[in-house]
Each structure stands twice: as C-alpha cells, then as structure tokens.
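The structure appears below as structure tokens.
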Amino acid sequence: MKTKFIIIGAGPAGLSFATTLKKLGECSFVILEKEKESGGLCRSVMHNAAPIDTGGGHILDVRRKNVLDFIFSYMPENEWNFYDRNTKIVVDNHIISYPFEANIWQFPMEEQIEYLESIAKAALLQKEKPGHFIDWIYWKFGDKIADKYMIPYNQKIWSCDLNLLGTYWLEKLPDVSFRDTLASCLSRKFYGTLPGHAQFYYPKKQGYGEVFLRIAETLKEHIRYEYPVKELDVTNRIINREFTADYIVNTAPWVEFSEKMPDDISKLVKALQYTSVDIDYYAEPSDTDAHWTYYASPDLSYHRKIHRDNIVAGSSGYWTETNAKRRNKKGLFHFENPYAYPLNTMDKPSTISALLSKMEKYHIFGLGRWGEWEHYNSDVVIERGIQMAEKLIKK
Ligand SMILES: Cc1cc2nc3c(=O)[nH]c(=O)nc-3n(C[C@H](O)[C@H](O)[C@H](O)COP(=O)(O)OP(=O)(O)OC[C@H]3O[C@@H](n4cnc5c(N)ncnc54)[C@H](O)[C@@H]3O)c2cc1C
C-alpha cells in the first residue's frame, strides 16, 4: 500500500502530526500503531470507578496557549479541573514541599543549617560547570542535598550508572540560586521562581488519555491498530514489506525496528538508551493533601506516588511509579511501560543528531519523545507535531 505519509505511532506526537495534515487538506496518510488504542504513554484506564494513567501520572501544563487551544478543541476546558501544583518530597522522616532547594526552611533548624552549610561550601569551590551529571549534582547542591536527595532519587528513576549521564538537559530541573535558598530560610517561605507544571489541568472525570482517544476518533479510518512496525527498509522506505510512502514520520522508539537497517544507522540506534516505568495502584487513601510525592529512600522501590484521590474528585487510592529493575510488589492494578524515559547519556546529542540527519536523506523523520529521543512532555510533542506537519506538507 502506498500513501504520501506513514506515521509510526499514535501517541500525542503522531496524532497531532496527523490531525494537522488532515486540517491542511492532506488525507493520503496511514498511522501504524502497535497497541490496540491510541495515546502512547499518555493512555489511561478506569479502575475502581476512577482513572489511572498507565504511563505514570500525566497532567496538562498550562504554558503553551496554542497547545491548550488544540487540546480544548477536542475536550473543552469545562471538562478539566485547574490546579495549583502541590507536591512534596520525603527525605528521611521529613516531608517538605517541592522544589527541594526552595523549601529547606521546612526542615528543623539543625537540618537547615547543615543543608545551607553544604551548599555554601559547594558555592565557595565553584569551578567550571562539570559535564557529568553526578559531578554536577555535587557542584550545584553540595554534599548534603546530593547524598540525601539528588543522588538516591536520580539513582532510582534512571536506574543506571549516573556517571553515564550528561548535563546538557538540566534546564528541565528547577534552578534555585543559593541566594533564593538563603532568602527562603530567613523568611520561612518559598522564594524564587516557580517550577515547571506550577499550574496544570487534569480531566474532571476521565484520565489524561481521554483527550487522545477523542483525537484518534477523528482519524479512525487512517489508523491501523495492533500493527507493530518490525522492519524498516530505510533505503526504499518500506515498512514490514507492506507499506510505503513518500515520507515516513517515526514517533516510536527506533530500536523497535533497527535490525535490518544499514549498519551505520543500526549502530547509532543501538547506542540510544532508555529506561522503563511500572505503575501499581493501591486502594488505601493517601495521608497527604499533595497531588504527588517524591521518595528518595533507596529502601522504597518506588520513586513517586500519585495521589489520585487529591486529583480526581470522589476517587480513592494512589498509584506508585517504579521501574522494571526495582519493582518488588504488585498493586491491585499494574502496568509496565518498557519505554518511559530516553536516557540523557553523554554522547546522546551527537548520536541522535547523526541518526536524524542520516534518516532525513531518505525522507524519514523523527518526531516526539522517541523519534527525537528527548524528555519532551506531551504539550511539547503536540506543538512539534503541528509544526512538522506544517513544514512537511510544503515539500
Ligand atoms: C512517568 C512519566 C510521566 C510523565 N508525565 C507527564 C506529564 O505530567 N505531562 C506531560 O505533558 N507529559 C508527561 N510525560 C511525557 C509524555 O508521556 C510524553 O511527552 C508523550 O507521551 C510523548 O508522546 P509521543 O507520541 O512522542 O510518544 P509516546 O506517547 O511514547 O507514543 C509513541 C507511540 O508509538 C507506539 N509504538 C511503539 N513502538 C511501535 C512499533 N514498533 N510500531 C508501531 N507503533 C509503535 C506506541 O504504542 C505509542 O502509541 C511523562 C512521561 C512519563 C514516562
């Protein structure tokens, strides 16, 4: 079968790309999706009369007006609740608000002094910004935040040797200066700029995945479900020896179909690393008013709890996020996502850039979290999907 475009994956990136093509009058496209439903990592299920996000907790960030317009055109704003973020961190036996450095004032006085002293010592030693993530943690926060929170938490979430990770992606983390930390301890209140997702939307009744089901419904004649792409003949742009197109847009992890690619391309794909997320639901009520809580302790297998009962009115329970390497307990409902986070290894920027430019020569484009191997959130991939469709349609 031949079309102008093939889109691999019906997650937010593939769906926003495809709907934009359609809006611009291009209907010669097919979406090939491995699962039996759209939404990718943003999918949800209903369990115990309320939603669980199977890819881990997902909320809609408010910062991209064009993306909100896009989303609300499928699921009107009055079907969403709007929240000011309330999230916590548990370290030892203490619970403080997120982000850590802006809320040290919530620790007992002795602890505050130790944290401030260690940040101040790190500040006095300031050298050039390190290239390795683990060195950056000590450089930026000092020993105490590093040892109590940053190292154990990051060890849990990435589950890899932290020395493999670079620092080029750290604008994702809140940037609180020592001056802000000091001011917040002296004034005993949050000080500085608010972190990402400071305000967010979540659907009133369904999970986050609902909006992507609605978008997919408008494309249903174009989507082939339960159709995993296993083979990509790069030079001839043929998929599974069945589909061909003038342009292929890939939003799935490249490693899914790297086997028969040319050696130079396959080598690049195999250098891209990733980690998983497993989620487990428990029915007990949450003992907090937070929307979610981060856990640094290596003794707990999970790194985050999503307090569903504080996000969806009338719901009960919470779910935990861990990964395949650490999970030691199954909840009442559980779900495994083998692909959750692209790993920001030291050489990833050069690897993905070489891969994408080689692929473009064959009119194959990477889009979204996996196509571009970036920690993009759904609002970002939606925006990028719209922009890529507007660009490629002119070719
Ligand atoms: C724990 C966690 C929490 C997150 N929280 C948030 C949040 O709060 N807010 C937010 O906006 N974003 C959040 N994100 C990010 C969000 O999940 C991604 O930005 C978004 O899902 C990326 O969309 P995508 O379409 O690029 O990729 P995906 O959603 O991964 O979609 C890729 C699609 O490709 C399909 N596919 C895979 N392999 C194949 C194959 N071989 N053949 C055919 N199809 C295939 C998949 O089934 C999937 O449908 C979070 C991510 C994680 C892991």
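Count along the sequence shown from 1, add 12, and you get the number used in this note's numbering. Each residue gets a CB set at the ideal place from its N, CA and C atoms; glycine is no exception.
The three-state secondary structure of Y127, taken from DSSP, is helix. Distances from the CB of H234 to the heavy atoms of ligand 1 are all 7 Å or more.
Between the alpha carbons of L36 and I83 lies a distance of about 18 Å. If only complete runs of 3 or more residues are kept, the segment 24–70 shows the beta strand (DSSP E) at 41–44, 56–59 and 62–65, in order along the chain. Cβ contact annotation for A210 (same chain, cutoff 6 Å, sequence separation greater than five): R97, in chain order.
Taking C-beta atoms as the reference points, H387 and Y353 count as a pair closer than 8 Å. For G378, the enclosing beta strand (DSSP E) starts and ends at I376 to G378. If the five residues before and after T32 are omitted, its C-beta is found closer than 7 Å to the C-beta atoms of G397, I398, A401 and E402, all from its own chain and listed in chain order. The beta-carbon distance between I394 and S28, rounded to whole angstroms, is 4 Å. This is short enough to meet the 8 Å contact definition. Secondary structure of K242 (DSSP, three-state): coil. If you look at S109, you'll find it isn't in any alpha helix (DSSP H); it sits in the beta strand (DSSP E) that goes H106 to S109.
In the three-state reduction of the DSSP assignment, A257 falls in the strand class. Residue pairing by DSSP places K100 opposite S109 and T305 in a beta bridge.
Per DSSP, A264 lies in no alpha helix (DSSP H) and is assigned neither H nor E.
For E229, the enclosing alpha helix (DSSP H) has its first and last residue at E222 to E229.
When secondary structure is reduced to three states using DSSP, G178 falls in the strand class. Between M162 and E348, the alpha-carbon positions lie close to 25 Å from each other.
In this chain, Y214 is not harboured by any alpha helix (DSSP H); it is covered by the beta strand (DSSP E) spanning Q211 to P215.
M13 is classed as exposed because its beta carbon has fewer than 16 other beta carbons within 10 Å across all chains shown. Sixteen is the threshold: when 16 or more other Cβ atoms of the shown chains lie within 10 Å of the Cβ of A62, as they do, the residue is buried.
By the criterion of a C-beta distance shorter than 6 Å, G383 is surrounded in its chain by N262 and T263, once the five residues flanking it on both sides are discounted. Between N335 and S288, the beta carbon gap of about 5 Å places them in contact (Cβ cut-off 8 Å). The beta-bridge partner set that DSSP reports for R236 consists of L44. Between the segment 335–344 and the segment 307–324 there are three or more inter-stretch CB-CB distances shorter than 8 Å, so the stretches are counted as touching.
For R200, same chain residues with a beta-carbon under 7 Å away, outside a window of 5 residues either side, are W117 in chain order.
Contact holds between the segment 354–374 and the segment 274–285, because three or more Cβ pairs, one in each stretch, are under 8 Å apart. Per DSSP, the unbroken alpha helix (DSSP H) holding P361 starts and ends at K360 to E372. Note on Q218: 16 or more other CB atoms within 10 angstroms of its CB, so buried under the neighbour-count rule. The beta carbon of K156 sits closer than 6 Å to the beta carbons of E126, Y127 and S130 from its chain, once the five residues preceding and following it are set aside; these are given in chain order. Within the DSSP secondary-structure output, V393 pairs in no beta bridge.
Residue environment analysis places E89 among the exposed positions, since fewer than 16 neighbouring C-beta atoms fall within 10 angstroms of its C-beta.
Under DSSP, Y351 forms no beta bridge with any residue. Within 10 angstroms of the beta-carbon of R320 lie 16 or more other beta-carbons, which makes it buried.
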